[in-house]
Amino acid sequence: MSERLKPEPLPRRDFLGLAGLWSAAVAIGGSLIGMSRLPKPSVLPEAGRRFRIGRPEDFPDGTEEILTAEKVLVRSGPQGIAAISLVCTHLGCIVSRESAGFGCPCHGSAFGQNGEVGGGPAPRGLRWLEVSRGVDGRLVVDADREVAPGTWCQV
Ligand code: FES
465 MSERLKPEPL PRRDFLGLAG LWSAAVAIGG SLIGMSRLPK PSVLPEAGRR
515 FRIGRPEDFP DGTEEILTAE KVLVRSGPQG IAAISLVCTH LGCIVSRESA
565 GFGCPCHGSA FGQNGEVGGG PAPRGLRWLE VSRGVDGRLV VDADREVAPG
615 TWCQV
């Protein structure tokens, strides 16, 4: 092989420059992918969750009851019965009931009395879930079916 066809060795300074450029490109690319996911809720509702919560008379007018296992707040009023999910729409922590509404202990999202976002990283308000009456007259919450905030089940 002639001397002209042999590749010249890459000078060390050029090699370090290229390695730095590639590292910066990978870091910027990873950051952009991560940032593009921020506006979307990171937690999707669990699949196939329908559960009975009791009879309408178990929820007197003007009361609220937190069903811890189901992660739902059941609210009763003159309009009927409503269920609000207690799963934070940011990363899925369980919010707690506070005098001003709901608060998330994980990253500080705040929600109003009806679950609307009041501050923090949560991208949207708490989910209102469909409430219906089963054939046996008991109330059924379907955690897969979100309804518009302010939707009540007439009882
Ligand atoms: S999980 Fe609720 S604010 Fe992050």
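So for the sequence shown, our numbering puts the first residue at 465; every next one is plus one.
Even glycine gets a Cβ: it sits at the ideal position worked out from N, Cα and C.
In this text the structure is predicted, and so the values were computed from the model without any measurement.
Item	Value
As an exercise, report each continuous alpha helix (DSSP H) stretch of at least 4 residues that is fully enclosed by the region 475 to 536, in chain order.	476 to 500
Could you check the C-alpha separation between Gly493 and Thr615 for me, to the nearest Å?	43 angstroms
Can you determine whether any heavy atom of ligand 1 sits closer than 8 angstroms to the C-beta of Val559, and answer yes or no?	yes
I need the DSSP call for Leu593, collapsed to helix, strand or coil.	strand
Report yes if the C-beta of Gly556 is less than 8 angstroms from at least one heavy atom of ligand 1; otherwise report no.	yes
Would you mind listing the beta strand (DSSP E) stretches within the region 546 to 575 that are 3+ residues and don't spill past its ends, in chain order?	560 to 562 and 565 to 567
Over the uninterrupted beta strand (DSSP E) stretch that includes Arg602, give me the two end residues.	Unbroken run through Arg602: none, as it is neither H nor E.
How far does the beta strand (DSSP E) with Gly583 in it reach, from first residue to last?	Val581 to Gly583
Taking the straight line between their C-alpha atoms, what separation do you get for Ile548 and Ile497?	32 angstroms
Using a Cβ distance threshold of 8 angstroms, determine whether the region 524 to 531 contacts the region 569 to 584, with at least three qualifying pairs required.	no
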